[in-house]
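Visitor:
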Amino acid sequence: MEQSFVLAGFGGQGVILAGKILAQAGADHGLQVTWLPSYGPEMRGGTANCTVVLSDEPIGSPVVDNPTVLVAMNLPSLDRFEKTVAKGGTILINSSLIARTAERNDLQVLNVPVNDIAVSLGNSHAANMVALGTVIKATGTIPLELIKSAMVKMLSHKDNAELVAVNQQALDAGYNAV
Amino acid sequence: MSVNADKMVRVFERPRSLTDAQFSYCPGCHHGLVTRIVAQTIDELGIQDRTVIVAPVGCAVTMYEWFRCDGIQAAHGRACAVATGIKRVNPNLIVFTYQGDGDLAAIGTAESIHAANRGENITVVFINNQIYGMTGGQMAPTTLVGQRTTSCPDGRNAQLAGYPIRFAEMIAQLDAPVYVTRQALYDQKRIMAASRAIKKAFQCQVEGKGYSLVEVLTNCPTNWRMSPAQSNSHLMDEVVRAFPLGDLVDRD
Amino acid sequence: MAEAAICAGCRAYFGYPITPQNEILEYMAARMPAVGGAFVQAESEVAAINMCYGASAAGVRTMTSSSSPGISLKMEGISYLAAADLPCVIINVARGGPGLGNIAPAQGDYFQATKGGGHGDYRMIVLGPATIAEAIEIVMLAFDLADKYRVPVMVLSDGMLGQMMEPIKLAEPVDPGLLPAKPWALTGASGRRPNAVTSYAMDPRDLNRINTKRQTRYRQIEEKEVRYRETETSDATIVVVAYGTVARIARTTVKMARSQGIKLGLVQPITLWPFPYAPLRALSNQVNTIITVEMSAGQMVEDVRLAVCDRAETPFYGELGGLVPTPKDILREVQRNVS
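Protein chains in written order, with my numbering: chain A, 1 to 178; chain B, 1001 to 1252; chain C, 2001 to 2339.
#1: What residue from B/Glu1207, B/Glu1013, B/Leu1245, B/Gly1136 has the CA that sits closest to B/Ala1193's CA?
#2: So, at 6 Å on beta carbons, what are the nonlocal neighbours of C/Ala2005 in its own chain, with the 5 sequence-adjacent residues on each side left out?
#3: Which residues in the same chain as B/Ile1037 place their Cβ atom closer than 6 Å to its Cβ, once the five residues preceding and following it in sequence are excluded?
#4: If we require 3 or more residues per run, which beta strand (DSSP E) segments fall completely within the segment 1004–1081 of chain B?
#5: Output needed in chain order: residues of the segment 1081–1099 of chain B with a Cβ under 7 Å from some Cβ in chain C.
#6: Taking one C-beta from the segment 2110–2121 of chain C and one from the segment 2067–2085 of chain C each time, how about it: are there three or more such pairs within less than 8 Å?
#7: Could you check whether C/Ile2270 and C/Leu2127 sit closer than 8 Å to each other, using their CB atoms as the reference points?
#8: Considering only DSSP beta bridges, list what A/Asn105 is partnered with.
#9: The alpha helix (DSSP H) with A/Thr139 in it runs from where to where?
#10: Please report whether the beta-carbon of C/Lys2182 lies at a distance below 8 Å from any beta-carbon of chain A.
#11: Here's a check: name, in chain order, each residue in its chain whose Cβ is nearer than 6 Å to the Cβ of C/Gln2335, leaving out the five neighbours to either side.
#12: Along the chain, which unbroken stretches of the alpha helix (DSSP H) at least 4 residues long are found entirely within the segment 2089–2175 of chain C?
#13: Could you run through the segment 2154–2188 of chain C and flag, in chain order, every residue whose CB is less than 9 Å away from some CB of chain B?
#14: Identify the contact partners of C/Pro2194 in chain A, using a Cβ-Cβ distance below 8 Å as the criterion.
#15: Only counting the same chain, and skipping five residues up and downstream in sequence, which positions put a Cβ closer than 6 Å to that of B/Met1236?
#16: For the segment 2027–2052 of chain C, list the beta strand (DSSP E) runs that are entirely contained and at least 3 residues long, ordered along the chain.
#17: If you draw a straight line from the alpha carbon of B/His1076 to that of B/Asp1103, how long is it in whole angstroms?
#18: Alpha carbons only, please: which of C/Met2124, C/Pro2020, C/Ala2312 is nearest the one belonging to C/Leu2100?
#19: If we cut at 8 Å on Cβ distances, does B/Ile1072 have a partner in chain C?
#20: Give the DSSP-derived three-state secondary structure of A/Phe5 in the structure shown.
#21: Taking just the CA atoms, how far does C/Asp2147 sit from A/Val135?
#22: If I'm right that A/Thr84 touches A/Asp65 with Cβ under 8 Å, what's the distance once you round it to whole angstroms?
#23: Please identify, using Cβ separations under 9 Å, the residues of the segment 2251–2276 of chain C that lie next to chain A, in order along the chain.
#24: Going straight from the alpha carbon of A/Arg44 to that of A/Ala18, what length do you get?
#25: Taking 8 Å as the threshold (beta carbon to beta carbon), is C/Met2075 in contact with chain B?
#26: Rounded to a whole number of angstroms, what is the C-alpha to C-alpha distance between A/Gly174 and A/Met129?
#27: Excluding sequence positions up to five away, which residues of its chain have a Cβ less than 6 Å from the Cβ of C/Ile2136?
#28: Please report the distance separating the alpha-carbon of A/Asn111 from that of A/Leu54.
#29: Return no unless some Cβ of chain A is closer than 8 Å to the Cβ of C/Thr2326.
#30: Whose C-beta lies closer than 8 Å to the C-beta of A/Glu82 among residues of the same chain, with five residues either side of it excluded?
#31: What does A/Val33 reach in chain C if we use C-beta pairs closer than 7 Å?
#32: Specify, as a first and last residue, the run of the beta strand (DSSP E) that C/Glu2230 falls within.
#33: Given that C/Arg2214 touches chain B, what residues does it touch there, using C-beta distances under 8 Å?
#34: Is the shortest distance between the beta-carbon of C/Val2246 and the beta-carbons of chain B less than 8 Å?
#35: Report the residue ranges of all beta strand (DSSP E) runs contained in full by the segment 1199–1224 of chain B; include only those spanning at least 3 residues, in chain order.
#36: DSSP has C/Tyr2317 in a bridge; who is on the other side?
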């Protein structure tokens, strides 16, 4: 089994953190994992993406030609990565910000308004967690509970019980959106 | 007058922290005086067995061979960084650098200033002879305006080469240094004062107080093309006008 | 890598911020004081390497890290470390160059690391990890080799290794107090003759003797310390040679090629100096083609060609400017050379 995720969006949309949580949860699940970031030159507002590989065997390349899952948080990300996704893979489209759907018809396409869902929970910054919840359900590789505990671990250096609570709701909401 | 050898009292001797090796300085050069004063200070403070010498690139490059102390030869200008590394991993050692004007105030400006600014608990002995001695008498950052050197044969032109750097004053602007002073050696009184200053600077380190710098105005008869006596007059009449003597910082 | 250094008994770190290696500096800033070690954020890479020179001379396991432009500045200090026979570990998280270049992963510093960089007749052991797990082992090894041979050792990684994450297991920490004594260290001349750490020898006959002795040590390193990793080479008809990040990517290419019936093998030099000439020479009698893949315009390939001579074809494939070849990119090169 090997799954590879590309999570892409504007800087500040939290795709880097979502990828880290996914990688941490994968490791907690006993899998081999790699997490590889690719930043734009700016810390905020530029494009950002990261690649997460989960495998039950030692991972060769952390650089992936054809990911099995794409999380596209904005249109440039969909434009850039849609063609690369492996046949039979999954594309999550953030329909709150992306007006079109996928052109591919040889894979699973999920149009989910992750920003709107996050706003309805009271925190637009939790859109990344909504998206993560959705792809976890769609791929079925990692139990949601492990994602939640990994999220708590990743945010443990901050004093933010409130943020953790919102993120948990967001993960649940994303998980139940499909 | 008859002499009774049994009753003679020894009033002057070679410092015990020096080896029998001969200094490689030119005749009449003040370097020998400063090196000797440092050795005497090490004797007086009883720190020979825990002192580490950081030798520069310059006329004192083999200084570690003259002392019964551990020593290290640093790359040109880097002595204060090397001293930082030693002192930080073994604060019990007494670490001093001995650097000329080119080493400390040109190529090593950054290392010299930042060690002072961090307040490293080290002692810096700064030999300011206004010239590059070892490489054959080129212009130094401290060369006086109008002074002839092999790389400013018509005299230092301030329009092109700026003015002599008063390094002790620069260091004195910082908050961390404990003791910063400028001394000279052109007469006996000055030599005694410089000895006291160097001892005080080492004492600061021994007591864990922090960074100290002793800038010593010295001569270079060879490259100044003067006799030692002429060079002393030049220091007294000209050099001290550009580089005023005295303590600049004393937080001791 | 930083924690591996602490595990290895490193108790002095000096560095200067530069992307993409700031993580090491920041980690050491927090961790070094906790283990009673020395940490200084230096005013420059030049100062940092010279602080290493001092701390190493005082007998402590010492490390610095930087990225390509900063490593250029450290070259003076590295020459002095080599010349004064001081151990020190230097991590280069290499990035795109020359000049300011960019902060993407690259392998353009191979020549600088393995063929000198600084002035004078010296060598530096250079180790190239491909994964974070390897990097952990290699950093521990680097400290042991540095002490054993009294040489600077460089861990040549790249921006990809510097920024990625994967789970690792750390080794048992070494107690610095139990490491072999260093009788040459500057600890104060108490009850013994003074020690001098220097690279200066005015008399050419002295310098000749000192340098010749050091070269003898280098020959020992070449004899005993060559390390490399072969993957699927026993029945290979074509081989890729790659180090660091590229080697890891090529491992995936080997799987892909094998699934298509191409008997592809991989040689990953782990010591870039000393370079594994012998195993490549042996393979050159077995296969027709040895492809070198690097994130450079072709540097290690010169060593591969020295090993292979004319016994096999030695094509080169490189990506420049911080681009990282993917497994498919490498496969394409392999296919081109098979047909």
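For glycine and all other residues, C-beta sits at the position ideal for the given N, C-alpha and C.
Everything numeric in this text was worked out from a predicted model, so none of it was measured.
Guide: Straight from the coordinates:
#1: B/Leu1245
#2: Met2063, Val2139
#3: Ser1195, Ile1198
#4: 1051–1055, 1070–1073
#5: Ala1081, Val1082, Ala1083, Thr1084, Gly1085, Ile1086, Arg1088, Val1089, Asn1090, Leu1093
#6: yes
#7: yes
#8: None; A/Asn105 has no bridge partner.
#9: 127–139
#10: no
#11: none
#12: 2110–2114, 2132–2149, 2159–2163
#13: Ala2185, Leu2186, Thr2187, Gly2188
#14: The premise fails here: C/Pro2194 is roughly 49 Å from chain A at the closest Cβ pair, so nothing lies under 8 Å.
#15: Tyr1186
#16: 2038–2041
#17: 6 Å
#18: C/Pro2020
#19: yes
#20: strand
#21: 50 Å
#22: 7 Å
#23: Arg2251, Thr2252, Thr2253, Val2254, Lys2255
#24: Summary for A/Arg44: the model assigns pLDDT 49, below 50, so the residue's position carries little reliability; its value from the coordinates is reported in the next sentence. Going by the C-alpha atoms only, they are around 16 Å apart.
#25: no
#26: 7 Å
#27: Ala2004, Ile2168
#28: 24 Å
#29: yes
#30: Leu70, Ala72, Ile91, Ala102, Glu103, Arg104
#31: Glu2166, Pro2167
#32: 2228–2231
#33: The premise fails here: C/Arg2214 is roughly 16 Å from chain B at the closest Cβ pair, so nothing lies under 8 Å.
#34: no
#35: 1212–1217
#36: C/Val2293
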